[in-house]
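> Quick one: this structure, given as C-alpha cells, is what I'll be asking you about.
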Amino acid sequence: MPRARVIGVVLLGVVVYAYGSTSEVAWLFLLAYWLWALAIAGGLYAAWNARGLEATAELRPAEALFEGDEADLLVGLRSVRGTRGPARVSGLVAGRSAGAGAGRVPEDGVEELRGLGTLRRGVVRTSGFVQESGDPLGLFASRRALPDRELALVYPRYASLGALRRQREVEAALAAPRAGSGNEIFGVREYQRGDPLRRIHWRTSARRGELVVREFEPPGQRTLTVLLDAAPKTAAEADQAARLAASEAWDCLREGGRVTMWAPGLEPSAHSWWELLEWLARYPELPAGESAPPPAGEAVAVTGGADRGVFEALAELRRRGAQERIWRLDEVGLEWPLD
Amino acid sequence: MAAGLKLRLPASPVEDSGAARVCAWAAFGVAAAAIAYYGQDYLLPPLAVGAAGFGHLVSYRRRQQPRGFWRQAAIAGLVFVCLAYFVLDSVGGIFGGQLPQAHFALLLVAVTSFDLKTRRNLYSSIWISLAVLYLAAVYAWDYPFGLFLAAWILCLAGFWTASHLKRIDARTTVPVRPVALGGLAVLLGGAAAFWMLPQPSAHPESPLVVSLPNAVHFQGELENPALPLVQFGDSSGANSSVDLRYRGRLSDAVVMYVRTGAPAYWRGQVFDTWNPSAGQWTAGRADFRTFPPYADQHRLPPPLGPQLGTFVQVFRVLRTLPDVIYAAQPVQAIYFPAEELRRDAYDTWRAPGPIHAGQTYSIVSSLPDYSPASLKAAEGVDMSLNRDPAGLSAAARQLAREAVAGSGPTRYDQVMALTTYLQAHYQYSLQLGHVPAGRDPVDWFLFDARVGYCEQFATAETLMLRSLGIPARLATGYATGDYDPVLNQTVVRERDAHAWVEVYFPSRGWVPVDPSPGYLALAATRFPDRFAASGLAHLIPHLTLGAPASVVGSLGLAGVLPGAAALAVLAVAAAAWLLSRRRRRSRGSAPPGQVELLRLYDRLQARLGRRRGPPETPLEYLAERGRPPLLEEVTRYVNLGAYRGEWPAPEVVAALATKLGAR
Numbered sequence: 004m005p006r007a008r009v010i011g012v013v014l015l016g017v018v019v020y021a022y023g024s025t026s027e028v029a030w031l032f033l034l035a036y037w038l039w040a041l042a043i044a045g046g047l048y049a050a051w052n053a054r055g056l057e058a059t060a061e062l063r064p065a066e067a068l069f070e071g072d073e074a075d076l077l078v079g080l081r082s083v084r085g086t087r088g089p090a091r092v093s094g095l096v097a098g099r100s101a102g103a104g105a106g107r108v109p110e111d112g113v114e115e116l117r118g119l120g121t122l123r124r125g126v127v128r129t130s131g132f133v134q135e136s137g138d139p140l141g142l143f144a145s146r147r148a149l150p151d152r153e154l155a156l157v158y159p160r161y162a163s164l165g166a167l168r169r170q171r172e173v174e175a176a177l178a179a180p181r182a183g184s185g186n187e188i189f190g191v192r193e194y195q196r197g198d199p200l201r202r203i204h205w206r207t208s209a210r211r212g213e214l215v216v217r218e219f220e221p222p223g224q225r226t227l228t229v230l231l232d233a234a235p236k237t238a239a240e241a242d243q244a245a246r247l248a249a250s251e252a253w254d255c256l257r258e259g260g261r262v263t264m265w266a267p268g269l270e271p272s273a274h275s276w277w278e279l280l281e282w283l284a285r286y287p288e289l290p291a292g293e294s295a296p297p298p299a300g301e302a303v304a305v306t307g308g309a310d311r312g313v314f315e316a317l318a319e320l321r322r323r324g325a326q327e328r329i330w331r332l333d334e335v336g337l338e339w340p341l342d
Numbered sequence: 018m019a020a021g022l023k024l025r026l027p028a029s030p031v032e033d034s035g036a037a038r039v040c041a042w043a044a045f046g047v048a049a050a051a052i053a054y055y056g057q058d059y060l061l062p063p064l065a066v067g068a069a070g071f072g073h074l075v076s077y078r079r080r081q082q083p084r085g086f087w088r089q090a091a092i093a094g095l096v097f098v099c100l101a102y103f104v105l106d107s108v109g110g111i112f113g114g115q116l117p118q119a120h121f122a123l124l125l126v127a128v129t130s131f132d133l134k135t136r137r138n139l140y141s142s143i144w145i146s147l148a149v150l151y152l153a154a155v156y157a158w159d160y161p162f163g164l165f166l167a168a169w170i171l172c173l174a175g176f177w178t179a180s181h182l183k184r185i186d187a188r189t190t191v192p193v194r195p196v197a198l199g200g201l202a203v204l205l206g207g208a209a210a211f212w213m214l215p216q217p218s219a220h221p222e223s224p225l226v227v228s229l230p231n232a233v234h235f236q237g238e239l240e241n242p243a244l245p246l247v248q249f250g251d252s253s254g255a256n257s258s259v260d261l262r263y264r265g266r267l268s269d270a271v272v273m274y275v276r277t278g279a280p281a282y283w284r285g286q287v288f289d290t291w292n293p294s295a296g297q298w299t300a301g302r303a304d305f306r307t308f309p310p311y312a313d314q315h316r317l318p319p320p321l322g323p324q325l326g327t328f329v330q331v332f333r334v335l336r337t338l339p340d341v342i343y344a345a346q347p348v349q350a351i352y353f354p355a356e357e358l359r360r361d362a363y364d365t366w367r368a369p370g371p372i373h374a375g376q377t378y379s380i381v382s383s384l385p386d387y388s389p390a391s392l393k394a395a396e397g398v399d400m401s402l403n404r405d406p407a408g409l410s411a412a413a414r415q416l417a418r419e420a421v422a423g424s425g426p427t428r429y430d431q432v433m434a435l436t437t438y439l440q441a442h443y444q445y446s447l448q449l450g451h452v453p454a455g456r457d458p459v460d461w462f463l464f465d466a467r468v469g470y471c472e473q474f475a476t477a478e479t480l481m482l483r484s485l486g487i488p489a490r491l492a493t494g495y496a497t498g499d500y501d502p503v504l505n506q507t508v509v510r511e512r513d514a515h516a517w518v519e520v521y522f523p524s525r526g527w528v529p530v531d532p533s534p535g536y537l538a539l540a541a542t543r544f545p546d547r548f549a550a551s552g553l554a555h556l557i558p559h560l561t562l563g564a565p566a567s568v569v570g571s572l573g574l575a576g577v578l579p580g581a582a583a584l585a586v587l588a589v590a591a592a593a594w595l596l597s598r599r600r601r602r603s604r605g606s607a608p609p610g611q612v613e614l615l616r617l618y619d620r621l622q623a624r625l626g627r628r629r630g631p632p633e634t635p636l637e638y639l640a641e642r643g644r645p646p647l648l649e650e651v652t653r654y655v656n657l658g659a660y661r662g663e664w665p666a667p668e669v670v671a672a673l674a675t676k677l678g679a680r
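Chains as they are written, first to last, in my numbering: chain A, 4 to 342; chain B, 18 to 680.
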C-alpha cells in the first residue's frame with residue numbers, strides 16, 4: 004500500500020521532468036527517471052518483503068509463572084524465505100505496549116527483549132498485534148493484523164492455610180488419584196473399554212443415548228469442592244479468591260484428597276493440580292457450563308457474599324452430607340499472605 | 018462572522034536518526050562538489066560543506082531542546098547576509114560574480130544547517146541541495162555529471178531509508194543483497210530510460226529567466242576571431258570580411274557547447290558585398306538596433322511564413338569569441354547577460370564586447386517549414402537588392418544557366434538545381450592549393466580546381482544565383498556539431514566552422530541553402546524524432562547508431578570505461594548469483610558426498626561392463642559381478658547412505674575415485 008511519501012516521490016519526479024522539458028537541462032530527465040524507478044523498485048520490494056515474515060512472541064522464563072513473578076517478553080520477527088526486511092511487529096501484551104523492528108530480518112530471526120515487570124494472575128496474551136513491512140525507503144507499507152494469542156498463564160499464589168504460612172514448593176508430579184474403585188459413588192462418566200459391565204448406569208445411559216458408568220471413590224479419600232463467585236466484584240477480589248482456593252486445594256491434595264473448583268454457571272475444573280491452577284488462573288473468565296456442584300465430603304465457599312448461587316450450592320452439598328466452610332472475603336481482606 | 022482559515026502544516030517529528038542527517042549532509046556535499054567541479058569554484062563549496070557539517074552536528078545534539086530566540090535571530094540575520102551577498106555579487110560582481118545563485122544556495126544551506134531540528138527541516142536542506150545540483154547541471158555538459166546525480170539520488174535514498182528505519186525503531190541495517198540489487202536496478206533502469214526514451218521539449222517560448230542587471234557595457238574591443246573563416250575589423254563588424262584566398266586553422270578544439278532542442282546551423286555574420294579583385298566578402302551595411310539583454314517575441318518581428326515550432330538553445334562558450342552571438346535563425350527571443358545588445362542589418366546579434374570563455378546565453382528560435390511545397394509556394398514582392406552579379410565571369414554565368422536549364426519554373430527549383438549541380442560535380446576538400454595570382458578565385462574553383470571547401474561553394478552559388486536574378490548572400494557560422502540526442506546538445510568545434518548561402522524567397526525571407534557536398538541542401542528542416550510514439554523503428558536505429566556512438570566518440574577512450582565497468586559489474590554480479598544459487602540448490606537437495614558417490618558408482622558400473630538392473634539390489638549386483646574389492650567398498654557406502662542416511666564425506670569419495678582412476 005503506498006504511503007504519502009511515494010506520492011511525494013512521484014510528484015517530485017513529475018516536477019523535475021516538466022522542468023527538464025522546459026529548461027533544456029537534460030540531466031533533469033535522468034533524475035526524474037531515477038525517482039520514478041525508486042518508486043517502482045520500492046513497490047516491488049515491498050511486495051517481495053511482505054511474504055515470508057513471521058512474528059514471534061514468548062515470555063521468559065517459559066516455565067510456570069505465579070503472580071508476583073517477574074518476566075521478560077521476547078518479541079521478534081522471523082523470515083521463512085531468506086533474509087527479509089525492514090519489518091516491525093507491535094501490539095499489546097498484558098496491557099503494555101510491545102514491539103520489535105528490524106531493518107534486516109534473517110532466517111534465524113531478530114528478537115527484542117522487554118521487561119514486563121511484576122505479573123498479575125490471569126492470562127498473558129497478545130492483543131492488537133500488527134505486522135508491518137515495506138521497502139527500505141518507506142514508500143510502500145504492508146500491514147497485517149495478527150490474531151490474539153495466549154502466551155502464558157499466571158497462576159495465583161497459594162499457601163498452606165493449615166499453618167497459614169507460605170508454600171511455594173510445587174510438586175509437579177502430584178495428581179489427584181483416579182476415582183473408580185471405592186465404595187461411595189462419586190459420579191458417572193463415559194464408558195471406556197475395559198470398564199466392568201456391572202458398573203454401567205443403565206438409566207443414565209438410556210437418557211443420554213451412550214454408555215455411562217458409575218465412578219466410585221477410594222475408601223477414606225478426602226473430597227473437596229471449592230465454590231467461588233461467578234462474578235467477583237473486583238479483580239482484586241477475584242485474585243484473593245483464587246489465592247484462597249488454590250491454598251485450600253493445595254492442602255487437600257497434599258493429604259491425598261481430590262479437589263474440584265466450581266462456580267455458578269461456569270464450567271467446573273478438572274482435578275489435577277495443574278488443571279486446578281489453570282482454572283484459577285483463568286477465573287472468572289471461564290467458559291460457561293451449567294452443572295450442579297459435584298458431590299464432595301467437604302465444601303468450601305470462597306465468596307464476597309454477593310453470589311446467591313454459591314450459598315445455594317453450599318446448602319445443597321450440606322444436604323448431601325458434606326462438611327462446609329466459608330471464606331468471607333470482606334472478613335479476610337485482600338492482603339496476601341494472610342496473617 | 019466567518020471563521021478565519023488557518024493553514025498549518027502537520028507537526029513534523031524531531032529527526033533522531035543520525036544516519037539520516039549524515040545522508041542529508043552528504044547530499045549537500047554532492048551538490049557542492051558538482052558546483053566546485055563544473056563551476057571551477059574551489060573555495061566557497063568546501064567551506065559551505067564544512068560549515069554545514071558542523072551545523073548538522075550542533076543541530077543533532079540540540080534536537081531535543083527548544084529553539085532559543087537568539088539562535089533563531091542569529092540564523093535569520095545570517096540568511097539576510099547571504100541575501101545581501103547574492104545581490105551584491107549578482108549586480109556588482111564584487112565577489113567575482115561567478116555562480117551567484119549557487120553561492121547563495123550553498124551559504125543558505127550552511128547557515129540553516131544549524132537549525133535542522135525536524136525531519137521537515139532536513140527535507141528543506143535536501144531540496145535546496147537539489148536546487149544547487151540543478152544549477153550545476155546547467156553547466157554540466159558531459160556524461161560524468163550522471164555520477165553526481167547517482168550519488169545524490171543514493172544520498173536521498175539513504176535519507177529515506179534511515180528516517181524510515183528510525184520510525185519503526187529499527188537499526189540502520191538492511192538486507193544487503195536485495196537492496197543492492199534493487200539499487201542497481203534503479204540506477205541501470207533509470208539510465209536506460211534516459212538513454213532510450215526521447216526527451217520532450219515543452220513551451221520553449223517562455224523559458225524561466227532569472228536575471229539581474231549586468232553592468233557590462235559596449236567596449237569596442239575585440240579578441241582574435243575564433244571563427245577561422247572571418248577576419249574581423251572593428252566591433253561593429255562592418256569591416257569584417259571573408260577572404261577566399263585565406264583559410265584559417267581548423268582544429269578539433271571545442272568552441273562551444275549548444276544545448277538545443279533541434280540541430281541547426283549556428284549563424285554568425287552575413288556578407289553581401291563581393292569584391293572580385295580582392296577575392297573578399299564584406300558586409301555592406303553597418304546599421305543596427307539596440308535591445309535590452311532579454312528580448313522576447315514581443316520586441317522582435319515574427320518569422321515569415323509557416324513555422325514548425327520553436328526550440329531553445331543554451332550556448333556555453335568554451336573559448337573567447339568576438340562579439341558575434343551565434344544562434345539558429347530566425348531568433349524569437351534572446352537572453353544574454355549584458356547591459357544591452359545590438360542586432361545588425363543582417364539579423365546577427367552582437368554583444369557589447371568579446372564573449373569570454375564560460376559565458377552562457379540562451380536563444381529561442383523558430384524552426385521554419387522549408388519543405389519543397391512550402392518554398393515553391395513562396396510568392397510576393399521581391400524587395401531584396403542582393404542580386405548584383407558583379408564580379409562573376411561570363412563563363413560562370415553561362416555555367417549557372419546551364420546548371421538550372423531544365424529545372425522547374427519556380428525560384429525553389431532553380432536554387433535546388435544549382436545546389437545539386439555544385440554538390441554533384443565538385444568535390445569538397447580542405448586540402449586546397451593557392452589561387453594563382455591574377456586568377457579569379459571563383460573561376461579557379463569552377464573551372465580549374467573543381468575542388469573546394471565551403472567558402473568556395475557558397476561564394477560560387479551566391480554569385481551564380483545572383484547572375485540568375487535570385488537574391489543571395491553569404492552566411493558564416495558553425496555547422497551543428499556533434500549532436501547528442503541523449504543530452505540534447507551538440508559539441509561545436511573549430512572544424513565545424515562553415516559558410517553557406519542565404520537565398521531570398523518572397524514572403525519567406527532569407528532561407529539557408531548549403532551547396533557544400535556532404536551537407537543537406539536545406540538544413541534543419543524538422544525537429545528530431547523525440548517521441549517513441551512517432552515510431553520506434555525510427556527511434557531505435559537513430560539512438561543505436563547515433564547517440565551511443567557520438568557519446569563514446571566525444572569522450573574518447575574514457576567514454577568506453579563507464580559502460581565497460583557497468584558491464585563487468587553486471588557480469589560479476591550475475592556470475593556470483595548463479596554460483597551461490599547453484600551451491601544453495603546442491604546443498605538443499607543432497608547431503609555432501611551423495612551426488613559424488615552415486616556418480617562414482619555409476620562410473621564403476623560402466624567400467625565393469627554392465628549396469629545394475631532396476632530389480633537388482635546393490636548386493637545382488639556385487640555378487641553377480643564377482644565381488645571386486647572396489648565395487649564391494651563402494652556398494653557398502655551406497656547401502657550405508659541409501660538405507661541409513663550416512664553418506665561418506667566427499668574426501669572419502671575422492672579417494673575412491675582415485676582408486677577407480679588408478680585401475
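Heads up, the beta-carbon is just placed ideally off N, CA and C, and yes, glycines get one too.
Taking the alpha carbon of alanine 309 of chain A as the point to measure from, which residue in A/Glu270, A/Trp339 and A/Glu240 has its own alpha carbon closest?
Position 306 of the first sequence, counted from the start, is the residue given in the question as residue 309 of chain A. Checked all of A/Glu270, A/Trp339 and A/Glu240; the closest Cα to alanine 309 of chain A is A/Glu240.
> Three-state secondary structure (DSSP) at asparagine 292 of chain B?
The count along the second sequence starts at 1 and reaches residue 292 of chain B at position 275. Three-state DSSP puts asparagine 292 of chain B in a strand.
> Just to confirm the assignment, what range does the alpha helix (DSSP H) spanning proline 389 of chain B have?
Here residue 389 of chain B is taken as the residue at index 372 of the second sequence, counted from 1. For proline 389 of chain B, the enclosing alpha helix (DSSP H) begins and ends at 389-393.
> Please report the Cβ distance between leucine 80 of chain A and glycine 118 of chain A, rounded to the nearest whole angstrom; I am assuming they are in contact, meaning their Cβ atoms lie under 8 angstroms.
As a position in the first sequence, residue 80 of chain A is number 77, starting the count at 1. As a position in the first sequence, residue 118 of chain A is number 115, starting the count at 1. Separation of the CB atoms of leucine 80 of chain A and glycine 118 of chain A is rounded to 20 angstroms, and the pair is thereby denied contact status at 8 angstroms.
> Compute the Euclidean distance between the alpha carbons of glutamine 57 of chain B and phenylalanine 131 of chain B, then round it to the nearest angstrom.
Taking the first residue of the second sequence as position 1, residue 57 of chain B is located at position 40. Taking the first residue of the second sequence as position 1, residue 131 of chain B is located at position 114. Answer to the nearest angstrom: the Cα atoms are 27 angstroms apart.
> Determine the closest residue to threonine 427 of chain B out of B/Ala390, B/Val104 and B/Asp460, with distance taken between C-alpha atoms.
Taking the second sequence and counting its residues from 1, one reaches residue 427 of chain B at position 410. It is B/Ala390.
> Using 8 angstroms as the threshold, is the region 102-109 of chain B in touch with the region 44-57 of chain B, meaning 3 or more CB pairs across them?
no
> Say whether chain B places a C-beta atom closer than 8 angstroms to the C-beta of phenylalanine 32 of chain A.
Numbered from 1 along the first sequence, position 29 holds the residue referred to as residue 32 of chain A. At least one chain B Cβ lies under 8 angstroms of phenylalanine 32 of chain A.
> Check whether the Cβ of glycine 94 of chain B lies closer than 8 angstroms to any Cβ atom in chain A.
To locate residue 94 of chain B, count along the second sequence from 1; it is residue 77. Taking Cβ atoms only, chain A never reaches closer than 8 angstroms to glycine 94 of chain B, which makes this a no.
> Taking Cβ to Cβ, would you say leucine 289 of chain A is nearer than 8 angstroms to leucine 269 of chain A?
Against the first sequence, residue 289 of chain A aligns to sequence position 286. Against the first sequence, residue 269 of chain A aligns to sequence position 266. Cβ atoms of leucine 289 of chain A and leucine 269 of chain A: closer than 8 angstroms.
> May I ask you to report which of helix, strand or coil DSSP gives glutamate 172 of chain A?
The residue given as residue 172 of chain A occupies position 169 in the first sequence. With a pLDDT of 35 at glutamate 172 of chain A, under the threshold of 50, the predicted position of this residue should be treated as unreliable, though the coordinate-derived value follows. DSSP places glutamate 172 of chain A in the coil class of the three-state scheme, outside both helix and strand.
> Within 8 angstroms of any Cβ in chain A, is that where the Cβ of proline 221 of chain B sits?
As a first step, residue 221 of chain B is located in the second sequence; it is residue number 204 there, counting from the start. Low confidence applies to proline 221 of chain B: its pLDDT is 47, below 50, so where it sits in the model is not reliable enough to give any reading.
> Look at the alpha carbon of glutamine 89 of chain B and the alpha carbon of valine 96 of chain B, and state the distance between them as a whole number of angstroms.
Here residue 89 of chain B refers to the residue found at position 72 when the second sequence is read from its first residue. Here residue 96 of chain B refers to the residue found at position 79 when the second sequence is read from its first residue. Those two C-alpha atoms are separated by around 11 angstroms.
> Considering only residues of the same chain and omitting the five flanking positions on each side of alanine 148 of chain A, which have a CB-CB separation below 6 angstroms?
Numbered from its first residue, the first sequence carries residue 148 of chain A at position 145. The answer, listed in chain order, is Val133.
> Check for me: the beta strand (DSSP E) holding leucine 116 of chain A runs from which residue to which?
Within the first sequence, residue 116 of chain A is the residue found at index 113, counting from 1. Leucine 116 of chain A -> beta strand (DSSP E) spans 113-121.
> CB-CB under 7 angstroms to arginine 6 of chain A, same chain, minus the five flanking residues each way: which ones, in chain order?
By 1-based counting over the first sequence, the position of residue 6 of chain A is 3. Correct list, in chain order: Gly141, Leu142, Phe143 and Ala144.
> Just confirm the distance between the C-beta atoms of proline 354 of chain B and tyrosine 378 of chain B, as a whole number of angstroms; I'd bet it's less than 8 angstroms.
Reading the second sequence from its first residue, position 337 is the one you call residue 354 of chain B. Reading the second sequence from its first residue, position 361 is the one you call residue 378 of chain B. About 7 angstroms; that satisfies the 8 angstroms criterion.
> Please return the same chain residues whose Cβ sits closer than 7 angstroms to the Cβ of alanine 127 of chain B, not counting the five positions on each side in sequence.
Taking the second sequence and counting its residues from 1, one reaches residue 127 of chain B at position 110. Excluding sequence positions up to five before and after alanine 127 of chain B, its CB lies within less than 7 angstroms of the CB of Ala65, Ala68, Ala69 and Gly72, all in the same chain and listed in chain order.
> Can you tell which of B/Ala394, B/Arg653 and B/Arg510 has its C-alpha closest to the C-alpha of valine 271 of chain B?
Locating residue 271 of chain B in the second sequence gives position 254, where the first residue counts as 1. Closest by alpha carbon: B/Arg510.
> Can you give the Cα-Cα distance for valine 28 of chain A and tyrosine 140 of chain B, rounded to whole angstroms?
Looking up residue 28 of chain A in the first sequence gives position 25. Looking up residue 140 of chain B in the second sequence gives position 123. Using only the alpha carbons, I get a separation of about 23 angstroms.
> Go ahead and pull the three-state DSSP assignment for isoleucine 329 of chain A.
Here the question's residue 329 of chain A lines up with position 326 in the first sequence. In this structure, isoleucine 329 of chain A counts as strand in the three-state DSSP scheme.
> What do you reckon, are the CB atoms on leucine 261 of chain B and proline 458 of chain B nearer than 8 angstroms?
Within the second sequence, numbered from 1, the residue matching residue 261 of chain B stands at position 244. Within the second sequence, numbered from 1, the residue matching residue 458 of chain B stands at position 441. Yes, the pair counts as a contact, with Cβ atoms nearer than the cut-off.
> Grouping DSSP H, G and I as helix and E and B as strand, with all else coil, what is alanine 28 of chain B?
Counting from one through the second sequence, the residue named residue 28 of chain B turns up at place 11. When secondary structure is reduced to three states using DSSP, alanine 28 of chain B falls in the coil class, being assigned neither helix nor strand.
> Let me know the secondary structure DSSP gives leucine 639 of chain B once reduced to three states.
Your numbering for residue 639 of chain B matches position 622 in the second sequence. In the three-state DSSP reduction, leucine 639 of chain B falls in the helix class (H, G or I).
> Can you give the beta carbon distance from leucine 116 of chain A to leucine 154 of chain A, rounded, assuming they're within the 8 angstroms contact cut?
Translated into the one-based positions of the first sequence, residue 116 of chain A becomes position 113. Translated into the one-based positions of the first sequence, residue 154 of chain A becomes position 151. About 14 angstroms; that fails the 8 angstroms criterion.
> With 8 angstroms set as the bound, which would you pick, yes or no: does the beta-carbon of alanine 209 of chain A sit closer than that to a beta-carbon of chain B?
Along the first sequence, one-based indexing puts residue 209 of chain A at 206. Not an interface residue.
> The beta strand (DSSP E) with alanine 411 of chain B in it runs from where to where?
To locate residue 411 of chain B, count along the second sequence from 1; it is residue 394. Careful: alanine 411 of chain B lies outside any beta strand (DSSP E), inside the alpha helix (DSSP H) at 411-421.
> Would you verify that the beta carbon of threonine 189 of chain B is, or is not, closer than 8 angstroms to some beta carbon of chain A?
Residue numbering aside, residue 189 of chain B sits at position 172 when the second sequence is read from its first letter. So, interface residue.
> Kindly indicate which three-state DSSP category glutamine 330 of chain B falls into: helix, strand or coil?
Within the second sequence, numbered from 1, the residue matching residue 330 of chain B stands at position 313. In this structure, glutamine 330 of chain B counts as strand in the three-state DSSP scheme.
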